[in-house]
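Sequential numbering of the sequence shown, starting at 1, is according to the UniProt record's numbering.
Following: one structure in structure tokens, then a few remarks.
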Amino acid sequence: MVTIDYSICDRMKGCPPARRCPVQAIIPVGGEGFFRRKVERWEIDESKCTGCGICIRLCPQNAISKKPKK
């Protein structure tokens, strides 16, 4: 699946990958989600993520990448 590099992610409230994820697998954690300027962090709900890669292509900070296979 995918992972978020929190050292790069700017935690913007209108995160393009979160808005465009077809299965709503990117969820805000902490704060008030979309109603604050920034959220504490975004997380990938692995139970929903299909691995389509839309989030990787849409992240303006390139903070989302594929997890290495084990």
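Note that the Cβ used here is the ideal one computed from N, Cα and C, for glycine as well.
Note that the structure is a prediction, hence the values are computed from the model and not measured.
DSSP beta-bridge partners of residue i
i   : result
V29 : R41
V2  : K66
Boundaries of the beta strand (DSSP E) in which residue i is found, first to last residue
i   : result
I8  : Element bounds for I8: n/a, residue is neither H nor E.
K66 : 64 to 66
Segment limits, alpha helix (DSSP H) that includes residue i
i   : result
C55 : 54 to 58
P17 : 16 to 20
Beta-carbon proximity check, residue i vs residue j, cutoff 7 Å
i          : j   : result
I26        : P17 : yes
residue 74 : V23 : The structure shown has nothing for residue 74, since the chain only spans 1 to 70.
Option nearest residue i by Cα separation, candidates the options
i   : options            : result
R20 : D10, K67, C52, P68 : C52
Nearest-angstrom Cβ-Cβ length linking residue i and residue j, presumed shorter than 8 Å
i   : j   : result
W42 : I8  : The Cβ separation is near 12 Å, so there is no contact.
K66 : I56 : 7 Å
K44 : M1  : The question names Lys, yet the displayed sequence has Ile at residue 44. That belief holds up - the Cβ atoms of I44 and M1 are roughly 7 Å apart, short of 8 Å.
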